[in-house]
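First comes the structure, then the notes that go with it.
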Amino acid sequence: VQLQASGGGLAQAGGSLRLSCAASGTVSSFARVAWYRQAPENQRELVAAFIADGTKTYADSVKGRFTISRDNAKNTVYLRMNSLKPEDTSVYFCNTIDWRSRSFWGQGTLVTVSS
């Protein structure tokens with residue numbers, strides 16, 4: 056499985072960005088698809104996840120501001136980020152886990168939020 060993340064860039068506080076993660080496989084067939092982020096000197100943290108049964112989970116810090124979604128026809132997972140804050144500045148990674156518990160990572164896309 057190959058994952059290609061895109062959509063990062065510079066945004067002002069309060070602004071919005073939409074990240075995309077194009078998968079070489081069928082996203083609807085994965086056990087889980089997720090977005091993580093990692094800021095300098097911080098550990099990688101889970102931002103949002105889409106479970107195969109349709110359940111979505113979010114980190115407390117992004118609830119109500121970020122939305123994970125997917126387009127099965129395009130094999131793409133999105134992360135819509137609204138009301139961005141400077142503390143959202145990170146490299147964002149997409150991740151999938153298949154039914155054999157194998158984990159795959161995209162290359163990351165940088166999001167910078169200015170105050």
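Numbering (this note's numbering), first residue to last: 56 to 170.
Quick reminder that beta carbons are idealized off the backbone N, C-alpha and C, glycines included.
Cut-off 7 Å between Cβ atoms - residues of its own chain near residue i, not counting five sequence neighbours on either side
i: G69; result: S138 and L139
i: S83; result: N127
i: S145; result: R92, Q93, A94 and V166
i: S170; result: A68 and P141
Residues near residue i in its chain [Cβ-Cβ closer than 8 Å; skip 5 each side]
i: R99; result: Y91, R92, Q93 and F148
CB-CB length for residue i against residue j, believed under 8 Å
i: P141; j: V168; result: 5 Å
i: G80; j: V117; result: Between V117 and G80 the Cβ distance is about 26 Å, and since that is not below 8 Å, they are no contact.
i: I152; j: F85; result: 7 Å
i: S75; j: G62; result: 5 Å
C-beta atoms of residue i and residue j nearer than 9 Å
i: A114; j: V132; result: no
i: Q162; j: A60; result: yes
i: R87; j: A66; result: no
Cβ shell of residue i (< 6 Å), same chain only, five flanking positions each side left out
i: R120; result: N137 and S138
i: T122; result: R135
i: S124; result: Y133
Start and end residues, beta strand (DSSP E) containing residue i
i: S75; result: L72 to A78
i: F85; result: Where F85 is concerned, there is no enclosing beta strand (DSSP E), given that its DSSP letter is neither H nor E.
i: S61; result: L58 to S61
i: K111; result: K111 to Y113
i: A104; result: E100 to I106
What residue ranges within the segment 121-170 form continuous alpha helix (DSSP H) runs of no fewer than 4 residues, ordered along the chain? For the segment 121-170, not a single whole alpha helix (DSSP H) run of length 4 or above is found.
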